[in-house]
Amino acid sequence: MTLFKQTPTNSESMEDAHQHESWQKWFQLYGPKLLLCARQWTRSLADAEDVVQDAFVRFWRHQRQLPGEPMALLVTSVRRAAIDRARRDSRRSAREEFAEGGLERAGPVFETPLDGDERREAIEAALRRLPDEQREVLVLKIWGELTFEQIATQLELSPNTVASRYRYALAALRGELTAADCHG
Amino acid sequence: MDDEIQSLEAELKRLRPAGPSRDLLARLGRDLAPAARSPAPRWWLWAGALPIAAAIAVAFTLAARREPAVPPPPRVAAMPPAVFQPVAAENVLYAAQDDGPVTLADGTSARRERLSYVDTITWKNPRTNASVRWSVPREEVRVVPVSFQ
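Taken in order, these protein sequences are the chains called V and D.
Here the first sequence stands for residues 1 to 184, numbered as in this note's numbering.
Here the second sequence stands for residues 1001 to 1149, numbered as in this note's numbering.
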């Protein structure tokens, strides 16, 4: 069985999520997005998977019935698990660990389509070159499907700052991809 | 935001994040396997366990009531012998009053004195070095026969 073949629309994923009964269905909806979010705050793909495991198990057991959007709860849980892991595993401060998060090169960030693989690789490379704080906001907005307000709450920033970082990130990505197209 | 940015945003949204590994799915399966069951069995467990616990408690209570009433052992017997031993006793005279001559019932004369003491007794437990000091006021009346010659 191939998971993640069908990416649900936003309304479907958020509104119908409560109706799913098994954790497999939930994880099919949210797992890939959570993993991408977790990779912003961890040093390796393995760490990101550990964090997603902790967060999802905690969510499924204790937070599933809470009101609110599941994705926002899950992202909060993932971020907390990442902070806990950074504090637990590293001799350095959690802040330093957090700053080292990002899309390390192990494994593709996105699913590989049958065509257009070069474009995907260019986007992934451009994402990796973004400043951490811009990429973090971009990932939470595009693939985490959070609002600026929710992202601001997550990152303890003002919504205006979050929106600015998002715009800067898109502009930087466009610049990177345009340059790559010109050179490619 | 210009069209190019909007187009890029739409392109990014079409990208699907890579899925987690099979290992993660397996680990989640192990972690969530017990929780994946409906909560009903847990309630049934409690529903079964609570009456059993209550029955055991009632049985113990009834058994305790059926036992013949045994008078509690005297406290002295319960205490280890000579746990506290008296180690000091002192009395301090703090007042003396002479009531003067009095006539007793048989017609003889006497002189009566009132002496006020504080008696202090100290016990000590040699094993723990704990000590108990007990002070109590005491009044002593002395009647001393006198003879008038």
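For glycine and all other residues, C-beta sits at the position ideal for the given N, C-alpha and C.
Pick from the options that is closest to residue i, judged by C-alpha positions
i	options	result
LYS33 of chain V	V:VAL52, V:LEU173, V:LEU130 and V:GLY68	V:VAL52
LEU1015 of chain D	V:ALA55, V:ASP89 and V:ILE142	V:ILE142
ARG1027 of chain D	V:GLU111, V:ASP50 and V:ASP117	V:ASP50
SER1116 of chain D	D:LEU1024, D:PRO1086, D:ARG1138 and D:ALA1130	D:ARG1138
ALA1105 of chain D	D:GLY1029, D:PRO1145, D:VAL1092 and D:ALA1095	D:PRO1145
ALA1130 of chain D	D:GLN1006, D:ASP1023 and D:VAL1083	D:VAL1083
TRP23 of chain V	V:LEU45, V:ALA46, V:TRP41 and V:ARG58	V:ARG58
ASP1023 of chain D	V:LEU45, V:SER77, V:ALA38 and V:GLY175	V:LEU45
THR1122 of chain D	D:TRP1134, D:ALA1095 and D:THR1128	D:TRP1134
GLU136 of chain V	V:LEU170, V:GLN63 and V:PRO108	V:LEU170
GLU1118 of chain D	D:LEU1093, D:LEU1012 and D:SER1021	This sequence places Val at residue 1118 of chain D; Glu is not what is there. Nearest C-alpha to VAL1118 of chain D: D:LEU1093.
LEU1032 of chain D	V:CYS37, V:PRO70 and V:HIS62	V:HIS62
THR1108 of chain D	D:SER1147, D:VAL1132, D:GLN1085 and D:ASN1125	D:SER1147
LYS1155 of chain D	V:THR42, V:LEU138, V:GLY68 and V:THR153	Shown here, chain D extends from 1001 to 1149; a query on residue 1155 of chain D therefore has no answer.
HIS131 of chain V	V:ASP89, V:THR147, V:TYR168 and V:ARG64	The question names His, yet the displayed sequence has Pro at residue 131 of chain V. Comparing Cα-Cα distances from PRO131 of chain V to each of V:ASP89, V:THR147, V:TYR168 and V:ARG64, the minimum goes to V:TYR168.
GLN1085 of chain D	D:ALA1059, D:ILE1056, D:ASN1125 and D:LEU1025	D:ASN1125
Where residue i meets chain V, residues with beta-carbon distance less than 8 Å
i	result
ASP1031 of chain D	GLN53 and VAL57
Straight-line gap, residue i to residue j (C-alpha atoms, nearest Å)
i	j	result
VAL1143 of chain D	GLU1090 of chain D	23 Å
ARG1114 of chain D	GLU1140 of chain D	6 Å
ALA55 of chain V	ARG87 of chain V	16 Å
ASP1099 of chain D	VAL1136 of chain D	24 Å
ALA1110 of chain D	GLN1097 of chain D	15 Å
GLN40 of chain V	TYR30 of chain V	16 Å
SER1007 of chain D	ARG1030 of chain D	42 Å
ALA129 of chain V	GLU1004 of chain D	Inspection of the sequence shows that residue 129 of chain V is occupied by Arg rather than by Ala. About 20 Å.
GLU149 of chain V	ALA72 of chain V	11 Å
ARG119 of chain V	GLY175 of chain V	14 Å
ILE83 of chain V	LEU35 of chain V	15 Å
ARG1127 of chain D	VAL78 of chain V	59 Å
ARG1120 of chain D	ALA1095 of chain D	In the sequence under discussion, the amino acid at residue 1120 of chain D is Thr, which differs from the Arg named in the question. When rounded, the distance between both Cα atoms is 16 Å.
ASP117 of chain V	ALA179 of chain V	18 Å
LEU177 of chain V	GLU111 of chain V	19 Å
VAL1087 of chain D	VAL1102 of chain D	40 Å
ALA1010 of chain D	SER158 of chain V	25 Å
ALA1040 of chain D	ALA126 of chain V	Note that ALA1040 of chain D scores a pLDDT of 48, beneath 50, so its modelled location is shaky and nothing firm can be said.
ALA1035 of chain D	TRP60 of chain V	For ALA1035 of chain D, the pLDDT reaches just 46, beneath the cut-off of 50, and the residue's location in the model is therefore unreliable, although a value from the coordinates is still provided. Each residue's Cα considered, the two are about 8 Å apart.
ASN160 of chain V	CYS37 of chain V	21 Å
PRO70 of chain V	PHE27 of chain V	11 Å
ARG43 of chain V	LEU66 of chain V	30 Å
GLU121 of chain V	ARG64 of chain V	35 Å
ALA1054 of chain D	LYS25 of chain V	41 Å
ASP1002 of chain D	ASP89 of chain V	44 Å
ALA1059 of chain D	ILE1052 of chain D	10 Å
THR147 of chain V	GLY68 of chain V	13 Å
SER1021 of chain D	THR153 of chain V	30 Å
VAL1132 of chain D	ILE1056 of chain D	44 Å
Per-residue contacts from residue i into chain D (C-beta, under 7 Å)
i	result
GLY31 of chain V	GLY1019 and PRO1020
GLU49 of chain V	PRO1020, SER1021 and LEU1024
PHE27 of chain V	LEU1028
ILE151 of chain V	Correct list: empty, because the minimum Cβ distance to chain D is about 15 Å.
Neighbouring residues, chain V, relative to residue i (Cβ below 7 Å)
i	result
LYS1013 of chain D	ILE142
Chain D contact residues for residue i, given Cβ-Cβ distances below 9 Å
i	result
VAL109 of chain V	LEU1015, PRO1017 and ALA1018
ILE83 of chain V	By Cβ distance, chain D contributes nothing, its closest Cβ being about 20 Å from ILE83 of chain V, past 9 Å.
TRP41 of chain V	Here the premise fails: no neighbours, minimum Cβ distance about 15 Å.
Partners in chain D for residue i, counting only beta-carbon separations shorter than 8 Å
i	result
ALA171 of chain V	ILE1005
ARG174 of chain V	GLU1004, ILE1005 and LEU1008
ARG120 of chain V	LEU1015
LEU73 of chain V	Chain D residues near LEU73 of chain V: none, gap ~16 Å exceeds 8 Å.
LEU36 of chain V	PRO1017 and ALA1018
Whole-angstrom C-beta distance between residue j and residue i, which should lie under 8 Å
i	j	result
ILE151 of chain V	LEU140 of chain V	5 Å
ALA1018 of chain D	VAL109 of chain V	6 Å
VAL162 of chain V	LEU155 of chain V	7 Å
ARG165 of chain V	GLU145 of chain V	Not really, about 17 Å apart at Cβ, beyond 8 Å.
ASP47 of chain V	ARG80 of chain V	The pair is not a contact, with the Cβ atoms about 14 Å apart (cut-off 8 Å).
heavy atom of the ligand GTP below 7 Å from residue i C-beta
i	result
ARG1016 of chain D	Among the components modelled here there is no ligand, and therefore nothing to report on the ligand GTP.
Exercise. Residue ranges of each beta strand (DSSP E) run of no fewer than 3 residues wholly in the region 1074-1129 of chain D, ordered along the chain?
Worked result: 1085-1103 and 1109-1124
Exercise. What are the uninterrupted segments assigned as alpha helix (DSSP H) that are 4 or more residues long and contained completely in the region 15-60 of chain V, given in chain order?
Worked result: 23-40 and 45-58
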